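Colleague:
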Amino acid sequence: MRSPALVTGLVLFTLLSVLDVLSPLVFSDVGAPPAANVLSVVLGVVTLIGLALHLTPGTRDRAGRTGMWIAVVARVLSALSTVPAFLGPDHAPTWVLVTGAVFIVLTIVGVVLVRPALARHRSPAADPAPGALT
């Protein structure tokens, strides 16, 4: 069973990923470099693939955790890709900076919420016997 915090993080990652995929259409008047638009779409799609892998019924624990790691890394890279908008003398318009800052904050919140899904769950059989040499 998934905790409410994890579900909230998954929904947040999904929404941010969809916005990444649609960002070339939504932010077309900003004048972002074409490479930035392609990167945004690719990272959005990679995040959605990672989430799908995590949520696929029947995936073993390791596959689900791998999918979540893929989603987290893609989300963090997507958030970091907004940083250049804040740099330089001719930075982006204010509304783009505010949107980028919100995306960064929401990504951090999402990572915190999905963090339990990234942890390894050790089975009792994997624990060494008491007194065993490790």
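109 is the number that our numbering gives to position 90 of the sequence shown; each next residue is one higher, with no gaps. For every residue, glycine included, the Cβ atom is placed at its ideal position computed from N, Cα and C. This structure is a prediction, so every number in the text was calculated from the model and none was measured.
Considering only residues of the same chain and omitting the five flanking positions on each side of Leu58, which have a CB-CB separation below 7 angstroms?
Modeller: The answer, listed in chain order, is Ser100.
Colleague: Could you check which residue in Thr27, Asn56, Phe32 has the C-alpha nearest to that of Leu41?
Modeller: Leu41 has its Cα closest to that of Asn56, out of Thr27, Asn56, Phe32.
Colleague: Nearest by alpha-carbon distance to Ile123: which of Pro52, Val91, Ala71 is it?
Modeller: Out of Pro52, Val91, Ala71, Val91 has the C-alpha closest to the C-alpha of Ile123.
Colleague: Could you check what DSSP says for Pro76 in three-state terms: helix, strand or coil?
Modeller: Looking at Pro76 - three-state DSSP - the assignment turns out to be coil, as it is neither helix nor strand.
Colleague: With a threshold of 8 angstroms, establish whether the CB of Pro135 neighbours any heavy atom of the ligand MN.
Modeller: The model depicted lacks the ligand MN and carries no ligand whatsoever.
Colleague: Give the single residue among Val130, Ala120, Gly77, His110 whose Cα lies nearest to the Cα of Pro52.
Modeller: Taking only the C-alpha atoms, the option nearest Pro52 is His110.
Colleague: Closest to Leu35 by CA distance: which of Pro112, Ala24, Val64, Ala54 is it?
Modeller: The option with the nearest alpha carbon to Leu35 is Val64.
Colleague: Given this structure, state the Cα-to-Cα distance separating Ala97 from Phe46, to the nearest angstrom.
Modeller: A small correction: the amino acid at residue 97 is Ser; Ala does not occupy that position in the sequence shown. Using only the alpha carbons, I get a separation of about 15 angstroms.
Colleague: Rank Ala54, Leu67, Val61, Gly50 by C-alpha distance to the C-alpha of Leu175 and give the top, closest one.
Modeller: Shown here, the chain extends from 20 to 153; a query on residue 175 therefore has no answer.
Colleague: At 4 residues or longer, and completely inside the region 37-105: list those alpha helix (DSSP H) runs for me, N to C.
Modeller: Runs found: 53-74, 80-99.
Colleague: Under three-state DSSP, which class holds Ala111?
Modeller: Of the three classes helix, strand and coil, the one that applies to Ala111 here is coil, per DSSP.
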